[in-house]
Amino acid sequence: MDLEPLGDDFEENCARFLPEAVEQGCVWALEGEEGFALCESERRADTDVMPFWSQREFAEAHIADDWSEYQVVPVDLEEFMDDWLEGMHEDVLLVGINWNADMEGEEIEPLDLLEQLEQELD
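Take a look at the structure:
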């Protein structure tokens with residue numbers, strides 16, 4: 020199955036995240052020797068964003084430059100919802116959702132994403 024690549028419509032990229040993540044039962048992150056990939060928020064000073072993708076291929080596209088040594092890892096959706104998003108909220112991290120090849124996309128509050136995922140699963 021050919022995946023439609025992520026485009027410049029951040030809302031659409033975001034909208035794909037929920038059903039695709041639920042369908043696969045996981046989300047995809049990039050992990051390196053020092054932990055998971057983070058970058059600075061464009062929206063909020065002194066805040067980091069941890070990007071996640073709904074498809075392995077989308078995450079793989081970002082293994083380059085600063086992240087060339089990183090690997091794509093699946094994060095079980097239940098664990099993501101129960102542990103990760105709570106932890107990211109406590110650590111004051113934002114979630115990057117299905118960023119496109121230009122590393123652009125939505126940055127949202129972890130608990131907002133949790134709520135959206137819970138609604139998607141209902």
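Per my numbering, the very first residue in the sequence shown carries number 20; after that it's consecutive. We treat Cβ as the ideally placed atom computed from N, Cα and C, and that holds for glycine. Model, not experiment: these values are computed from the prediction.
Can you give me the start and stop residues for the beta strand (DSSP E) that residue i sits inside?
i: F99; result: Note, F99: premise wrong, no beta strand (DSSP E); not H, not E.
Look up residue i in the DSSP assignment and say whether it is helix, strand or coil.
i: W103; result: helix
i: E137; result: helix
i: W86; result: helix
i: P93; result: strand
i: L113; result: strand
The alpha helix (DSSP H) with residue i in it runs from where to where?
i: E79; result: 75-79
Give me the Cα-Cα distance between residue i and residue j, rounded to the nearest whole angstrom.
i: P129; j: S73; result: 15 Å
i: A48; j: P24; result: 17 Å
i: R75; j: D121; result: 17 Å
i: V46; j: E105; result: 16 Å
i: L22; j: L57; result: 25 Å
Between the options, which lies nearest to residue i when the distance is taken from Cα to Cα?
i: E137; options: V94, L37, D84, E31; result: L37
i: P93; options: D84, P70, D110, G106; result: P70
i: L140; options: G44, E31, E50; result: G44
i: E52; options: G124, Q90, E76, P24; result: Q90
i: E61; options: D131, F99, L133, L112; result: L112
i: I127; options: H108, A40, G26; result: H108
i: A78; options: D102, D131, E134, A40; result: A40
i: D28; options: L133, N119, E134; result: N119
Segments assigned beta strand (DSSP E), at least 3 residues, entirely inside the stretch 38-72: You should have 45-51, 67-71.
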